[in-house]
Structure formats: structure tokens, C-alpha cells
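> Below are the C-alpha cells for one structure; questions will follow.
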Amino acid sequence: MTDVRLYYEEAEEGESLILIHGYPLNHKIWQPIIPFLGKGIRAILPDLRGCGKSPAGPVSNSMKLMAEDVIRLMDELRISTSIVAGHSMGGYVILKLAESFPDRIKGIAMVSSQAVADTPEKKEGRAASIKLINSEGINPIINGMLPRLTETPELIEPIRQIMSESNPAGLIGCLTAMADRDDANDWLHSIIVPALVIAGRNDKIIPIERSIEMNKSLVHSELVVMEHSCHMPMMEQPQETANAFQSLVKRVKK
Ligand code: MLT
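Be aware that the sequence shown starts at 33, since it is given in the numbering used here, and climbs by one per residue.
Given below as C-alpha cells:
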């Protein structure tokens with residue numbers, strides 16, 4: 033196990049739903065859906081290691097470490113099994129959880145995410161981002177990504193604010209972990225718990241086709257396409273995103 037204790041926030045009581053943010057973000061991206069989740073769902077919003085208020089830890093980051101951190105948090109909260117949802121990079125963590133700790137999950141949601149590993153070009157891009165962070169800090173990363181995350185003007189500044197809460201070492205750790213992650217397509221069909229795939233119709237970071245493919249491979253999966261979203265459906269269409277989670281929770285409880 034690992035030595036990093038994750039910062040987290042928690043809302044309501046009931047069926048636990050652990051919501052894992054993407055890169056370069058933190059737990060705050062999920063806050064807009066909380067009022068719409070209603071009673072009966074215990075939403076748990078951690079910051080992954082090196083993100084938001086969680087420490088980066090002394091060793092190079094990996095999906096395995098991030099998944100172990102989530103398990104450690106579940107242990108701390110005395111949650112034996114949970115529904116887990118991940119946004120983008122958070123989805124890569126969810127896949128590692130499903131692979132390494134299948135007995136601890138009873139439902140999964142992949143939000144604006146994918147099961148494929150990085151292409152060689154993508155890995156090169158990650159290495160270039162690491163170089164850029166080392167020489168110029170995190171602002172060029174934020175400015176480069178922000179216009180591709182959403183087309184909703186009023187969300188630009190709130191998302192910029194969340195991204196600016198990142199720190200260089202944490203982002204470098206995330207980039208390393210993403211570049212090193214495995215392709216999950218070979219074993220995706222072995223996930224037999226209820227699954228939900230959410231995709232923004234206009235996602236410019238991860239094309240909707242990746243979600244359509246995952247939905248086909250996952251055995252008990254439902255695909256929900258957010259027609260007015262890009263990469264941030266939980267902020268762009270919070271009510272619809274919460275509704276999709278509610279129906280996943282119902283399927284898990286059946
Ligand atoms: C994310 O939104 O978490 C990342 O951009 C995903 C990625 O770069 O693969």
C-alpha cells in the first residue's frame with residue numbers, strides 16, 4: 033500500500049458513490065451535481081495524489097498508486113464496496129481499480145474517458161508537457177487546455193480557477209501515470225458490475241467514439257450522451273449527469 037492520505041469531501045448519506053476527477057483538476061468539478069443527486073447517495077469527492085489538496089507523495093506516480101489511494105480511503109471510511117465514477121484521467125484510475133480490486137466495486141461510471149492507452153505521439157506530447165511545466169510552470173498547460181474543455185463561456189473562469197489549484201509536481205506525476213497506463217480493452221468485458229458511460233457530444237479532448245467503444249465492450253453498460261457538453265458534462269449539464277448517476281445507483285441496488 034501507499035503512504036499518501038487523500039483529501040476528500042463528502043455529501044449526504046446512503047449508497048456510496050466515489051467521484052474521481054480528471055487532469056489537471058480536483059474534486060471541485062463534481063460540486064455542481066451534488067444538489068441534484070438527492071437523498072440516498074453518499075457522494076465522496078477525493079483529490080487524487082498531487083492534485084488539489086492531496087500531497088503528491090515521494091515516488092513517481094502511477095495508475096496503480098492512485099487506485100491504491102482510493103482503496104485506502106475506502107478502508108478509512110469503512111466502505112467495503114462502492115460505486116466508483118471517474119472523469120477522464122479519473123476513469124483510467126477506475127479501470128485500474130476494476131482490474132486490481134474487482135471485489136471492492138459494485139458499479140462503475142466512465143465520464144468523458146476511454147479504455148485505450150496512449151499512442152506514441154500522445155506519450156511524446158506528455159513528455160513535452162512535463163518539459164514545459166519544468167521550464168515555465170503550470171500556466172501554459174492551463175491556457176492550452178482550457179479552450180478545449182468547454183464551450184460554455186460562464187464555465188471558463190471557474191474551470192481556470194480549479195486548474196490553477198494544481199501544483200507542478202502533482203501534474204508531472206499525473207502526466208507520467210497517464211503515459212504509462214495500460215490499454216484495458218482486452219479485459220473490459222470481464223467487468224460485470226453495472227456500468228455507465230457518459231460522453232459529451234462535443235468533447236475535444238477524448239472523442240465520443242471512445243465512449244461508444246467502451247459501452248459496447250462493457251457487459252452491463254448504458255451510454256448517456258450529453259448533447260450540450262464538451263469534456264466537462266458534470267459542470268456543463270450537472271442535472272443530467274446527476275440523473276444518469278441516480279439511474280446507475282438504482283441498477284446497482286436492484
Ligand atoms: C483528463 O481530462 O483527465 C486528461 O486530459 C485525459 C488525458 O489527457 O488523457
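Where is the CB? At the ideal position from N, CA and C, for every residue including glycine. None of these values were measured; they are calculated from a predicted model.
(1) With H, G and I counted as helix, E and B as strand and the rest as coil, what does DSSP make of residue 56?
(2) Under the DSSP definition of a beta bridge, which residues are partnered with residue 72?
(3) With DSSP collapsed to three states, give me the class of residue 16.
(4) Could you tell me the boundaries of the alpha helix (DSSP H) in which residue 254 lies?
(5) If you reduce the DSSP assignment to three classes, tell me which class residue 176 lands in.
(6) How should residue 224 be labelled, buried or exposed, when 16 other C-beta atoms within 10 angstroms of its C-beta is the threshold for buried?
(7) Could you have a look at residue 161 and say whether DSSP puts it in helix, strand or coil?
(8) Below 8 angstroms CB to CB, which residues in the same chain sit around residue 59 once its five sequence neighbours on both sides are set aside?
(9) Where does residue 117 fall in DSSP's three states?
(10) For residue 182, does the count of other Cβ atoms within 10 angstroms reach 16, so buried, or fall short, so exposed?
(11) According to DSSP, what are the bridge partners of residue 230?
(12) Going by the beta-carbon positions, is the gap between residue 87 and residue 170 smaller than 9 angstroms?
(13) Considering Cα atoms alone, identify which of 178, 259, 64 and 226 is closest to residue 251.
(14) Determine, using beta carbons only, whether residue 312 and residue 246 come nearer to each other than 9 angstroms.
(15) Measuring CB to CB, does residue 229 end up less than 9 angstroms from residue 255?
(16) Taking all protein chains shown into account, decide if residue 205 is buried (16 or more other Cβ within 10 angstroms of its Cβ) or exposed.
(17) Leaving out five residues before and five after residue 211 in sequence, what residues of the same chain have Cβ atoms less than 7 angstroms from its Cβ?
(18) Considering only C-alpha positions, which residue in the set 184, 163 and 193 is nearest to residue 175?
Quick look at the numbers:
(1) For the purposes of this step, residue 56 is identified with residue 24 of the sequence shown, where counting begins at 1. DSSP places residue 56 in coil when its eight states are reduced to three.
(2) Here residue 72 refers to the residue found at position 40 when the sequence shown is read from its first residue. In the DSSP output, where bridge partners are listed per residue, residue 72 has 46.
(3) No answer is possible for residue 16: the residues shown for the chain start at 33 and end at 286.
(4) Along the sequence shown, one-based indexing puts residue 254 at 222. Premise fails: residue 254 lies in the beta strand (DSSP E), 253-258, not in any alpha helix (DSSP H).
(5) Counting from one through the sequence shown, the residue named residue 176 turns up at place 144. In this structure, residue 176 counts as helix in the three-state DSSP scheme.
(6) Working through the sequence shown from its first residue, we reach residue 224 at position 192. Answer is exposed; the Cβ neighbour count stays below 16.
(7) What you label residue 161 is simply residue 129 of the sequence shown in a count that begins at 1. Here DSSP, grouped into helix, strand and coil, assigns residue 161 to helix.
(8) As a position in the sequence shown, residue 59 is number 27, starting the count at 1. Closer than 8 angstroms at the Cβ level, and outside the excluded window around residue 59, lie 39, 40, 41, 51, 53, 77, 78, 79 and 84.
(9) Locating residue 117 in the sequence shown gives position 85, counting from the first residue. Here residue 117 sits in strand by DSSP.
(10) For the purposes of this step, residue 182 is taken as residue 150 along the sequence shown, with counting starting at 1. Classification for residue 182: buried.
(11) On the sequence shown, residue 230 is found 198 positions in, with the first residue counted as 1. Looking at the DSSP assignment, residue 230 forms a beta bridge with 143 and 256.
(12) Translated into positions along the sequence shown, residue 87 becomes position 55. Translated into positions along the sequence shown, residue 170 becomes position 138. In this structure, residue 170 does not lie closer than 9 angstroms to residue 87 by Cβ.
(13) Start at 1 with the first residue of the sequence shown, and residue 251 comes out as number 219. Considering only alpha carbons, the answer is 226.
(14) Nothing about residue 312 can be read from this structure; the chain reaches only from 33 to 286.
(15) As a working note, residue 229 is residue 197 in the sequence shown. As a working note, residue 255 is residue 223 in the sequence shown. The answer is yes: Cβ separation under 9 angstroms.
(16) Within the sequence shown, the letter at position 173 stands for residue 205. Residue 205 should be labelled buried.
(17) In the sequence shown, residue 211 corresponds to position 179, counting from 1. Only 150, 155 and 158 meet the Cβ criterion.
(18) As a first step, residue 175 must be located in the sequence shown, where it is residue number 143. Ranking 184, 163 and 193 by Cα distance to residue 175 puts 193 first.
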